[in-house]
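Residue numbers (this note's numbering), protein chains in the order written: chain A, 219 to 303; chain B, 16 to 421; chain C, 46 to 384.
Here is the structure we will look at, set down as structure tokens.
Laid out in structure tokens, this is it:
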């Protein structure tokens with residue numbers, strides 16, 4: 219689980235070009251959107267593709283993403299329960 | 016010019032004397048009109064290009080293939096015409112002949128086109144052969160957005176002012192607007208304006224990533240709308256100065272009486288909740304046309320059938336028109352969203368609405384959006400129409416409104 | 046009709062034009078086939094949240110646009126106009142290659158969104174929260190000139206008091222090599238291909254250091270033989286004769302079509318200084334915006350850098366400059382500037 223969280227942090231920084239952040243800057247319970255990392259709706263679409271590509275989880279409704287992408291902890295938990303790869 | 020004369024010049028209506036169109040619902044102005052009056056949509060499964068998304072999207076395709084267009088247009092076999100240039104030339108030629116123009120350079124004549132993909136239809140097929148395949152290399156220089164415009168202008172014999180606009184889905188409205196301004200300023204006497212976009216894998220996949228493509232017929236302004244259908248099309252209008260109209264006693268189809276361009280300045284792709292850009296564009300256009308909101312008889316809305324656009328546009332329309340929103344419809348359920356051509360396609364439909372005194376239906380509408388409760392016109396409605404307002408909004412917050420009058 | 050003045054000119058280019066005062070004494074002709082811009086540290090100018098999605102062209106455009114407004118003391122322009130020949134080619138290449146490599150699967154939206162031609166204009170509007178008139182021109186070597194013509198028209202007709210207008214193109218990674226291939230096959234462009242952004246603030250207000258943009262005219266197609274006639278008529282329309290012109294700046298790029306420039310240069314007397322710039326700045330569809338930047342700077346500084354002198358050079362005072370640009374014999378533009 220903690221490996222997954224670490225992996226997610228690295229991938230998100232890389233994928234979303236968050237140059238000003240390092241893995242240490244992101245706490246497991248930090249909000250990813252809004253005041254936390256400041257991600258937006260376009261990032262949500264990027265993260266949905268990451269879920270599909272890396273973990274075999276297909277979301278079809280962007281609104282589903284809102285719940286899942288709350289924080290690294292919530293996201294990792296969702297992936298553990300639903301991953302197919 | 017004195018200030019008062021100048022204001023008068025800026026407020027002059029611009030005459031529209033010709034139109035040409037090719038879209039999913041027809042290869043001419045009469046064919047488009049007939050389909051609109053018959054409520055016959057042009058949305059189908061995709062057949063013109065290979066895509067993995069073929070089963071999950073519907074599109075508005077032009078029925079003519081490139082080979083057929085090359086034959087009809089009499090284009091030499093060895094010339095390099097993208098589908099963009101072919102569709103554009105087809106519609107532009109129709110526009111010029113419908114305006115009864117025999118000598119294109121008898122007056123200072125310009126050409127302003129718009130496109131969002133440029134030569135992408137060829138680029139996406141040949142990109143990986145550009146470095147090695149001689150046959151593919153001819154499409155390297157046709158990639159940039161100005162290429163189709165230049166080819167169309169050359170074929171029409173226009174050598175002077177020629178340019179291309181690309182502001183995503185509001186492009187053609189801005190081309191029409193610039194044409195009008197150049198005539199008002201006396202820089203041109205006559206200008207052919209409009210836009211063209213073919214279907215491409217680039218745009219299909221692009222809109223797919225935004226999750227705004229519908230897998231069924233699009234439903235503009237419906238509470239349960241599921242996204243847009245992409246379409247391909249081209250349309251051009253001929254704008255002429257009052258001097259030419261007077262001198263040649265020309266028949267005027269309608270007038271462009273107002274226009275407005277504003278930026279939503281909210282988000283790179285999404286429209287703001289209060290529809291500020293759209294609101295400002297409509298307001299500017301009404302002011303220029305010197306019309307009160309209640310003098311608009313029909314709104315040809317942008318209405319793409321995405322969750323975001325239709326809500327934002329509804330809010331903006333209510334801000335401009337209050338509780339007496341005029342009859343409105345989106346014709347995108349007929350043609351699909353034709354991107355940079357949309358503003359010109361819908362300009363042609365606006366002129367037809369004036370000529371025929373008819374409001375075209377908004378197909379596939381059932382339930383109004385809960386927060387705005389706007390009902391578009393869903394069947395062909397005949398009534399006296401004096402002024403039509405047409406909206407075109409695009410990525411990058413680009414919002415434009417045109418007003419056409421008798 | 047109101048007169049149209051240029052209040053500020055800012056350029057990011059292959060030379061050091063952005064962060065120093067105008068001085069080309071250190072500049073060197075470009076030697077590689079492709080030359081990137083001399084990029085400033087963009088973090089100084091753009092917030093990280095916006096910067097992370099921006100490709101080179103957007104960064105260059107937003108940064109020069111911002112500085113042009115600052116130099117002209119304008120916080121909110123009445124219009125934002127952009128010209129770009131190839132558009133956002135970096136993101137276009139990225140999205141196109143992902144479509145091809147992944148066979149239309151696992152595509153993400155960012156590069157598609159950012160590939161739209163109006164991204165620079167949109168990002169400038171977004172950064173300023175500027176809801177005013179906004180337009181983008183994409184017509185090859187007339188992209189910038191079309192934007193400039195629109196901007197001038199807005200000022201002339203009093204529709205706007207101040208307009209931000211610029212031209213921007215980025216080199217990209219792949220398509221440029223195909224372009225070079227075609228040019229080499231056709232005895233075309235010999236100077237390096239490059240990139241850059243140049244933005245200007247136009248205003249109806251006459252200021253001390255402002256440069257008058259007298260006139261601008263574009264032609265899609267002209268024959269070489271027509272050039273003298275067209276150029277003379279252009280000057281005459283503005284009540285100038287060839288001997289009134291202190292310098293002519295041509296867009297020579299080493300291609301066979303430089304013959305057009307020879308025709309134009311031959312129109313002027315020996316007292317007119319003859320200048321070129323693409324050997325220092327490279328060729329791209331909106332390179333002519335750098336030509337205008339140089340024209341404005343020369344008039345403001347009353348000095349012609351040696352590196353720009355092509356043929357005859359006269360030390361007359363500098364009051365009036367003509368710019369002529371074309372690309373492979375098409376898309377001709379004539380600009381007249383004065384103080």
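Positions of the beta carbon are idealized from the N, C-alpha and C atoms, including for glycine.
Near the ligand SAH: residue i beta-carbon under 6 Å from a heavy atom
i, result
"residue 334 (chain C)", "No copy of the ligand SAH appears in this structure; indeed no ligand is present at all."
Proximity below 7 Å, CB of residue i to CB of residue j
i, j, result
"residue 133 (chain C)", "residue 100 (chain C)", "yes"
"residue 102 (chain B)", "residue 253 (chain B)", "no"
"residue 185 (chain B)", "residue 408 (chain B)", "yes"
"residue 203 (chain B)", "residue 123 (chain B)", "yes"
"residue 130 (chain C)", "residue 58 (chain C)", "no"
"residue 396 (chain B)", "residue 374 (chain B)", "yes"
"residue 349 (chain B)", "residue 40 (chain B)", "yes"
"residue 280 (chain B)", "residue 295 (chain C)", "no"
"residue 182 (chain B)", "residue 296 (chain B)", "no"
"residue 297 (chain C)", "residue 306 (chain C)", "yes"
"residue 161 (chain B)", "residue 179 (chain B)", "yes"
"residue 264 (chain A)", "residue 233 (chain A)", "yes"
"residue 178 (chain C)", "residue 128 (chain C)", "no"
Span of the beta strand (DSSP E) around residue i
i, result
"residue 267 (chain A)", "That residue, residue 267 (chain A), is in no beta strand (DSSP E); its alpha helix (DSSP H) goes 259-273."
"residue 262 (chain C)", "256-266"
"residue 214 (chain C)", "207-214"
"residue 371 (chain C)", "365-372"
"residue 270 (chain B)", "269-278"
"residue 418 (chain B)", "413-420"
"residue 33 (chain B)", "29-37"
"residue 324 (chain C)", "Note, residue 324 (chain C): premise wrong, no beta strand (DSSP E); alpha helix (DSSP H) at 323-326."
"residue 248 (chain C)", "241-248"
"residue 379 (chain C)", "375-383"
"residue 404 (chain B)", "402-408"
"residue 124 (chain C)", "124-128"
"residue 180 (chain B)", "177-180"
Same chain, Cβ closer than 7 Å to residue i, five either side skipped, listed in chain order
i, result
"residue 21 (chain B)", "Residue confidence is low: residue 21 (chain B) scores 48 on pLDDT, short of 50, so the model does not pin down where it sits. No coordinate-derived value is stated."
"residue 56 (chain B)", "232, 348, 349 and 378"
"residue 156 (chain B)", "162"
Cutoff 6 Å; reference residue i; Cβ partners in own chain excluding five residues on either side
i, result
"residue 259 (chain C)", "283, 381 and 383"
"residue 53 (chain C)", "113, 116, 117 and 246"
"residue 299 (chain B)", "275"
"residue 232 (chain C)", "301"
"residue 124 (chain C)", "177, 178, 199, 205 and 208"
For residue i, the first and last residue of its enclosing alpha helix (DSSP H)
i, result
"residue 334 (chain B)", "322-336"
"residue 292 (chain A)", "290-300"
"residue 384 (chain B)", "First-last for residue 384 (chain B): undefined, no H or E at that position."
"residue 260 (chain B)", "257-263"
"residue 343 (chain B)", "Where residue 343 (chain B) is concerned, there is no enclosing alpha helix (DSSP H), although the beta strand (DSSP E) it sits in stretches over 342-344."
"residue 350 (chain B)", "347-350"
"residue 346 (chain C)", "333-346"
"residue 315 (chain B)", "Per DSSP, residue 315 (chain B) belongs to no alpha helix (DSSP H); it is in the beta strand (DSSP E), 313-315."
Neighbourhood of residue i by C-beta, 8 Å cutoff - its chain only, sequence neighbours within 5 removed
i, result
"residue 278 (chain B)", "292, 411, 412, 413 and 414"
"residue 258 (chain A)", "251"
"residue 270 (chain B)", "28, 29, 30, 31, 419, 420 and 421"
"residue 18 (chain B)", "In this prediction, residue 18 (chain B) has a pLDDT of 44, which is less than 50 and means its spatial position is unreliable; what the coordinates show is noted afterwards. Nothing meets the Cβ criterion."
"residue 389 (chain B)", "236, 329, 332, 333, 340, 343 and 383"
"residue 273 (chain C)", "308, 309, 311 and 312"
Return the chain-ordered ranges of every alpha helix (DSSP H) run that is complete within the region 57-116 of chain C and spans a minimum of 4 residues. 93-96 and 101-116
Could you give the uninterrupted runs of the beta strand (DSSP E) lying entirely in the region 196-245 of chain B, keeping only those of 3 residues or more? 205-212
Do the region 126-142 of chain B and the region 90-100 of chain B touch if we need at least three Cβ pairs shorter than 8 Å? yes
Run through the region 44-103 of chain B for me and flag every whole alpha helix (DSSP H) of 4 or more residues, listed as ranges in chain order. 44-52 and 81-88
Say whether the region 81-101 of chain C touches the region 360-371 of chain C, bearing in mind that this needs 3 or more beta-carbon pairs closer than 8 Å, one atom from each stretch. no
Give the list of continuous alpha helix (DSSP H) stretches no shorter than 4 residues that lie fully inside the region 274-320 of chain C. 303-310
Determine, using beta-carbon pairs with one atom in the region 385-404 of chain B and one in the region 257-266 of chain B, whether at least three such pairs fall under 8 Å. no
Contiguous alpha helix (DSSP H) assignments of at least 4 residues, all confined to the region 128-157 of chain B: 135-141 and 149-152
Across the region 108-120 of chain B and the region 72-84 of chain B, are there enough close Cβ pairs to call them in contact, namely three or more that are closer than 8 Å? no
Taking contact to mean 3 or more Cβ pairs, one atom from each stretch, closer than 8 Å, check whether the region 302-316 of chain B and the region 54-70 of chain B are in contact. no
With three or more C-beta pairs closer than 8 Å as the rule, is the region 148-165 of chain C touching the region 239-246 of chain B? no
For the pair the region 214-226 of chain C and the region 69-77 of chain C, tell me if three or more CB-CB distances fall below 8 Å. no
Contact between the region 147-154 of chain C and the region 204-220 of chain C (3+ Cβ pairs under 8 Å): no
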